[in-house]
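Working notes, structure below.
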Amino acid sequence: MFFKKVISLTMICALLILGTAACGKSDTTTVDQSDAKGQEQITITFVNWASAEEATKQLTLDMISEFEKQNPTIKVKNVPMPFSDVLNQLTIMNNAGNAPDIAQITNGDGMSLAYMGALEPTDNLLSEGFKADLNKTVYDLGLKDNQHYTIPWAGQPMGFWYNKKLMQDAGLDPNNPPQTLDELNKAMDIAKQKLPNSVVMLQIDTTIRTMGLEQEWPLMNAFGAISENRIQPSQMEPYAEWLRDLLKKGYTLPGKKLGEFRALAAQNNLLFGIDQPCFKGIVQTYDKSNKMSDEEFNEMWAVTTMPVGADNLSYSVPGDHNLVILKSSEHKEAAAKFAEFLAGDDYSLKNYVIPFGYVPVVQSAGERFPDSFKDPSLKAFSEKILQTEVRPPWGPDYSKYATDVMTSMQEIITTSKPVPDILNSLQTKLQNYK
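Take any residue in the sequence shown, count from 1 to its spot, add 192: that is its number in the numbering used here.
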């Protein structure tokens with residue numbers, strides 16, 4: 193009897209030791225399929241426009257499948273939503289108490305949700321390694337009251353595109369694009385005299401919408417019209433006069449949206465563009481029957497930082513794709529894990545971010561995918577342009593603010609009313625915003 197008790201105790205101790213050893217090996221980033229069977233599976237809801245658009249639908253679904261494969265205890269319920277509906281629908285869902293766990297969002301819309309109190313700060317949800325790898329300039333665009341509310345996913349800063357072929361045809365140096373506002377004006381003056389009338393000198397969005405304001409934001413900064421991320425109408429006259437002159441000379445087209453100039457670029461009818469990294473892919477694929485190769489595109493187009501003004505600083509504006517975690521989510525940690533996967537995992541970078549022309553927001557991407565960063569456009573956006581992003585006046589009334597500003601810009605280009613009078617009226621309107 194004594195020996196039986198000893199054997200039993202020995203077996204129990206052995207089992208306990210084995211169990212402890214097994215537990216010691218479970219600290220991994222993903223869960224083994226066999227281990228996952230015994231764990232409770234959770235579901236997170238993901239609202240996004242990427243899966244609502246034909247060009248990125250399958251890529252998005254593939255990323256979700258890969259994430260679920262790497263993390264068997266987390267299921268992702270995909271909710272596709274048109275880009276233009278996202279902010280409004282998220283607001284409605286949040287107010288109704290059925291907000292998703294995580295959502296794709298633009299910078300400005302993300303900050304609008306933050307001001308509504310709908311978002312969870314991400315500082316304590318994201319891993320230290322991931323935060324250290326993020327481009328700090330881009331990450332800090334989501335700051336409010338010293339807390340981060342947006343998680344960068346794919347960079348989309350505005351850069352200065354120039355058509356090397358048209359520059360050469362106009363007698364300009366295709367390897368020396370305008371670096372200052374004065375050089376830009378001189379280049380357009382020369383090119384207008386020598387190029388066909390079908391060629392537009394500069395892509396500029398003058399529409400009454402937030403995108404119109406954001407596309408002009410780098411130039412407004414260069415002209416000294418911005419202080420502390422706010423338009424200063426009293427300092428805006430040089431920019432306003434320049435904009436009116438631009439239209440008078442026929443250097444751009446009034447009332448055209450940003451994307452409408454891309455068709456002109458594909459037809460070799462645009463000299464200078466102010467556009468995002470996706471400009472390259474869109475121009476290449478505009479003629480689906482005869483896609484332009486990378487080599488052909490790079491022979492014709494290149495991109496650099498925006499021309500500088502008196503302060504000798506180049507400015508860009510973020511059109512980045514971001515992710516936000518809703519405050520009402522019951523699975524914030526899982527949502528944060530999914531966000532890190534989308535923005536920083538090898539699979540997402542290799543199969544979505546880089547191929548689609550976005551700029552990776554994690555600094556290690558260049559080391560992980562050195563061949564991709566040989567592309568001159570991606571290299572320029574990643575190494576030079578992304579760091580020049582400055583935030584517009586995002587806030588709870590941002591859309592109304594942008595409408596007031598761009599209504600005044602429309603008045604400048606469509607009427608002969610004195611510019612100071614228009615700006616004085618704008619000054620009165622902007623006093624209503626904090």
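We treat Cβ as the ideally placed atom computed from N, Cα and C, and that holds for glycine.
In this structure, does DSSP put Arg-583 in helix, strand or coil?
-> coil
If you count every other CB in all the chains shown that lies within 10 Å of the CB of Lys-592, and 16 or more means buried, which is it?
-> exposed
In three-state terms, what does DSSP make of Phe-322?
-> helix
When you compare only the Cα positions, how much space is there between Leu-210 and Thr-497?
-> Below a pLDDT of 50, predicted positions are generally treated as unreliable, and Leu-210, at 37, falls in that range; the measurement from the model is reported next regardless. In a straight line, the C-alpha of Leu-210 is about 60 Å away from that of Thr-497.
Among Asn-270, Gly-309, Met-303, the one whose alpha carbon lies nearest that of Met-286 | In the sequence as presented, Met is not what sits at residue 286; that position holds Asn. Minimum Cα distance to Asn-286 is reached at Gly-309.
Spatial neighbours of Leu-317 within its chain, please: CB distance less than 7 Å, with the 5 preceding and 5 following residues excluded, ordered by chain position.
-> Ile-517, Lys-524, Glu-525, Ala-528
DSSP-derived helix/strand/coil call for Trp-241 | coil
State yes or no: is the C-beta of Met-393 within less than 8 Å of the C-beta of Met-380?
-> yes
Residue range of the alpha helix (DSSP H) that includes Asp-486 | 486-492
Which of helix, strand or coil does DSSP assign to Ile-418?
-> strand
For Asp-467, the residue or residues it bridges with in DSSP | Gly-351
Extent of the continuous beta strand (DSSP E) run through Asn-514 | 513-517
Could you pull the start and end residues of the alpha helix (DSSP H) that Val-278 belongs to?
-> 278-288
For the stretch 531-594, list the alpha helix (DSSP H) runs that are entirely contained and at least 4 residues long, ordered along the chain.
-> 557-560, 568-572
When we look at the beta-carbon of Asn-504 and count the other beta-carbons within 10 Å, is it buried (16 or more) or exposed?
-> exposed
Which term fits Ala-295, buried or exposed, when burial requires 16 or more other beta carbons within 10 angstroms of its beta carbon?
-> buried
Rounded distance between the beta-carbons of Trp-345 and Ala-535, thought under 8 Å = 5 Å
Grab the span of the alpha helix (DSSP H) containing Gln-296 for me, first residue to last.
-> Taken as a continuous stretch (DSSP letters only), Gln-296 belongs to no alpha helix (DSSP H), being part of the beta strand (DSSP E) at 294-298.
For Ala-134, which three-state DSSP category applies?
-> For residue 134 there is no data in the structure shown, the boundaries of the chain being 193 and 626.
Beta-carbon proximity list for Ser-521, same chain, < 8 Å, skipping 5 on both sides | Ile-236, Ala-291, Pro-292, Asp-293, Ile-294, Glu-312, Ala-527
CA-to-CA distance, Leu-541 to Thr-398, given in whole angstroms | 34 Å
Rounded C-alpha distance that separates Ile-604 from Val-500 | 23 Å
Have a look at the DSSP bridge pairing and note the partners of His-523.
-> None, per the DSSP bridge assignment.
Could you please give the first and the last residue of the uninterrupted beta strand (DSSP E) stretch that includes Leu-394?
-> 392-394
CB contact flag (Gly-347, Asp-467, <8 Å) = no
Would Pro-610 be called buried (16 or more neighbouring beta carbons within 10 Å of its own) or exposed?
-> exposed
Taking one C-beta from the stretch 262-280 and one from the stretch 560-579 each time, how about it: are there three or more such pairs within less than 8 Å?
-> no
How about Ala-594 and Thr-444: do their beta carbons lie closer than 8 Å?
-> no
Taking DSSP as the reference, what is the three-state secondary structure of Ser-481?
-> coil
Can you tell me the Cβ-Cβ gap for Trp-434 and Phe-415, rounded? I've got them flagged as a contact below 8 Å.
-> 7 Å
Sequence ranges, beta strand (DSSP E) only - wholly within the stretch 361-402, length at least 3 | 392-394
Can you tell which of Phe-565, Ala-288, Asp-537, Tyr-550 has its C-alpha closest to the C-alpha of Gln-262?
-> Asp-537
Taking buried to mean at least 16 other C-beta atoms within 10 Å of its own C-beta, is Glu-491 buried or exposed?
-> exposed
Locate the beta strand (DSSP E) running through Val-330, then write down its first and last residues.
-> First-last for Val-330: 328-331, but that is the alpha helix (DSSP H), not the beta strand (DSSP E).
Measure from the alpha carbon of Trp-409 to the alpha carbon of each residue in Thr-265, Gly-511, Pro-547, Lys-448, then state which is nearest.
-> Gly-511
Report the residue from Tyr-539, Pro-585, Ile-546, Val-582 whose alpha carbon sits nearest the alpha carbon of Ser-569.
-> Ile-546
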